[in-house]
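**Student:** Numbering (the working numbering), first residue to last: 17 to 385. Attaching a single structure in structure tokens format; questions to follow.
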Ligand SMILES: O=C(O)CCC(=O)C(=O)O
Ligand SMILES: [Fe+2]
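In structure tokens, the structure reads:
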């Protein structure tokens, strides 16, 4: 990508768009002098919509990696060409998603160390998180509630009515089946919340039982498989909104959504699945017949050996997973064999994306030369 000045006043960029002329106002909005933007936070001190619509470039030249411009309103600024090119070519920080199934060779894993959150390794791990929908950190200190420190070092914890964090262990009179020792079939967490928590962290503090294995499934891979192999049933799952509901003593939470939600470009955006909490609407019989068939098929795919990975969370392991993409579960265990104690919490995609952009800037990754 190249930037050039023509006749002292036209700024042309040559990239995918050949000889693309930059609008003078677009450039003027990006002027960063002390009078126009706050020097402490980079935020504009004026409303750019009020700039003169006929503003033009009076004079421009490129020198030593800088673009010098004088505008017809008298404002002058020296841009770094790289900054402009970077912005013009800016992509989302996230690389391509890699769909996986039970043949996944290597789980994305890292050994935790203090200050990992400030390293290039963390940048790569966050990329892995977006590629695979999960990462496992090993040897995370097993102090109770370390998970909150961990989560707040990436972004900000998202508290719920279960608190800032929650304890996953078998207890009497549980308000959720997670707090028992029975098997949990593949599910996404909390589809009844508005908004649904984006990312779940589960930190294993104790695991002395033989079973209680963790299961993970790539919901996007299953949805893509269904789309390819049974488009009709895929379609009904993308068109039927189901009600999800959680009831406790002092709160009733509800939200509606498709088991497979598509975005405007018809790409898979989010999956929801929780057999414990879903209420199918009373649709016309033939429609429901099809929906039930589709739901059974996707449930079988989620639970199948073709898609599920199964592993034991060891003491100190911390699993971070995308709750909009992956399903998780666990096998049943016998609490008489010993303690099994996980601590969980949620963060949102803002946290991971924000950290990725920050690390990208810190290490000047993807920065145009
Ligand atoms: O016990 C487990 O491994 C998982 C429990 C669970 O599904 C959850 O806490 O969301
Ligand atoms: Fe769960």
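Don't be surprised by glycine CBs; every beta carbon is placed ideally from N, CA and C.
Could you check the C-alpha separation between residue 155 and residue 220 for me, to the nearest Å?
**Tutor:** One C-alpha to the other measures close to 10 Å.
**Student:** Taking only three categories from DSSP, how would you classify residue 163?
**Tutor:** Helix, per DSSP.
**Student:** Under three-state DSSP, which class holds residue 170?
**Tutor:** In this structure, residue 170 counts as helix in the three-state DSSP scheme.
**Student:** Taking just the CA atoms, how far does residue 192 sit from residue 264?
**Tutor:** Roughly 9 Å between the two C-alpha positions.
**Student:** To the nearest angstrom, how far is it from the Cα of residue 366 to the Cα of residue 291?
**Tutor:** Straight-line Cα distance between these residues: approximately 28 Å.
**Student:** What would DSSP say about residue 370, mapped onto helix, strand or coil?
**Tutor:** Helix.
**Student:** So, residue 256 versus residue 301, is the Cβ gap smaller than 9 Å?
**Tutor:** Cβ atoms of residue 256 and residue 301: not closer than 9 Å.
**Student:** Any residue with its Cβ nearer than 6 Å to a heavy atom of ligand 2 should be included. What is that list in chain order?
**Tutor:** Residues flagged by the Cβ proximity filter: 194, 203, 205, 344.
**Student:** What residue range does the beta strand (DSSP E) around residue 270 cover?
**Tutor:** Residues 268 to 274.
**Student:** Taking Cβ positions only, does residue 61 come closer than 9 Å to chain C?
**Tutor:** Here there is only one protein chain, and chain C is not present.
**Student:** Please report the straight-line C-alpha distance between residue 318 and residue 269, rounded to a whole angstrom.
**Tutor:** Rounded to whole angstroms, residue 318 to residue 269 spans 25 Å at the Cα level.
**Student:** Have a look at the DSSP bridge pairing and note the partners of residue 230.
**Tutor:** Answer by DSSP bridge pairing, in chain order: 327, 346.
**Student:** Could you tell me whether any non-hydrogen atom of ligand 1 is closer than 8 Å to the CB of residue 341?
**Tutor:** Outside the cutoff, so no.
**Student:** Tell me which same chain residues have a C-beta within less than 8 Å of the C-beta of residue 322, skipping the five on either side of it?
**Tutor:** Hits under 8 Å: 117, 118.
**Student:** Beta carbon of residue 326: closer than 8 Å to some heavy atom of ligand 1?
**Tutor:** Checking the Cβ of residue 326 against ligand 1 gives no.
**Student:** Check the C-beta distance from residue 456 over to residue 150 and give it rounded, since I have them as a contact under 8 Å.
**Tutor:** Here the chain has residues from 17 to 385 only, and residue 456 is not among them.
**Student:** How should residue 212 be labelled, buried or exposed, when 16 other C-beta atoms within 10 angstroms of its C-beta is the threshold for buried?
**Tutor:** With 16 or more other Cβ atoms within 10 Å, it is buried.
**Student:** If you run the structure through DSSP and keep just helix, strand and coil, what is residue 319?
**Tutor:** Of the three classes helix, strand and coil, the one that applies to residue 319 here is coil, per DSSP.
**Student:** Ignoring anything shorter than 4 residues, give me the alpha helix (DSSP H) runs that lie fully in the region 19 to 78, in order along the chain.
**Tutor:** The qualifying runs are 40 to 44.
**Student:** Under the rule that 16 or more other beta-carbon atoms within 10 Å means buried, what is residue 353, buried or exposed?
**Tutor:** Exposed: under 16 other Cβ atoms inside 10 Å.
**Student:** What's the gap between the Cα of residue 336 and the Cα of residue 152?
**Tutor:** Computed Cα separation, rounded: 6 Å.
**Student:** Output the boundary residues of the alpha helix (DSSP H) element that contains residue 208.
**Tutor:** It is not in any alpha helix (DSSP H) - residue 208 carries neither H nor E in the DSSP assignment.
**Student:** Is any heavy atom in ligand 1 found nearer than 8 Å to the beta carbon of residue 323?
**Tutor:** No; taking the cut-off as 8 Å, the Cβ of residue 323 has no heavy atom of ligand 1 nearer than that.
**Student:** Just tell me which of 97, 305, 242, 210 has its CA closest to the CA of residue 18.
**Tutor:** Taking only the C-alpha atoms, the option nearest residue 18 is 97.
**Student:** Can you say whether residue 62 is buried or exposed, counting buried as having 16 or more other CB atoms within 10 angstroms of its CB?
**Tutor:** Residue 62 comes out exposed.
**Student:** State the CB to CB distance for the pair residue 224 and residue 355, rounded to an integer number of angstroms; the pair is presumed to be in contact (CB under 8 Å).
**Tutor:** So it is a contact: roughly 5 Å between Cβ atoms.
**Student:** Please list the segments of the alpha helix (DSSP H) lying wholly inside the region 88 to 128, counting only runs of 4 or more residues, in order along the chain.
**Tutor:** You should have 97 to 104.
**Student:** Please tell me whether residue 87 and residue 33 are closer than 9 Å, where the distance is taken between their beta carbons.
**Tutor:** No; because the gap between Cβ atoms is not below 9 Å, this pair is not in contact.
**Student:** Compute every distance between the C-beta of residue 379 and the non-hydrogen atoms of ligand 1, then say whether any falls below 8 Å.
**Tutor:** No; taking the cut-off as 8 Å, the Cβ of residue 379 has no heavy atom of ligand 1 nearer than that.
**Student:** Relative to the C-alpha of residue 374, which candidate in 251, 130, 24, 136 has its C-alpha closest?
**Tutor:** Here the closest residue by C-alpha is 136.
**Student:** Report whether the distance from the Cβ of residue 184 to the nearest heavy atom of ligand 1 is below 8 Å.
**Tutor:** Yes, the beta carbon of residue 184 sits closer than 8 Å to at least one heavy atom of ligand 1.
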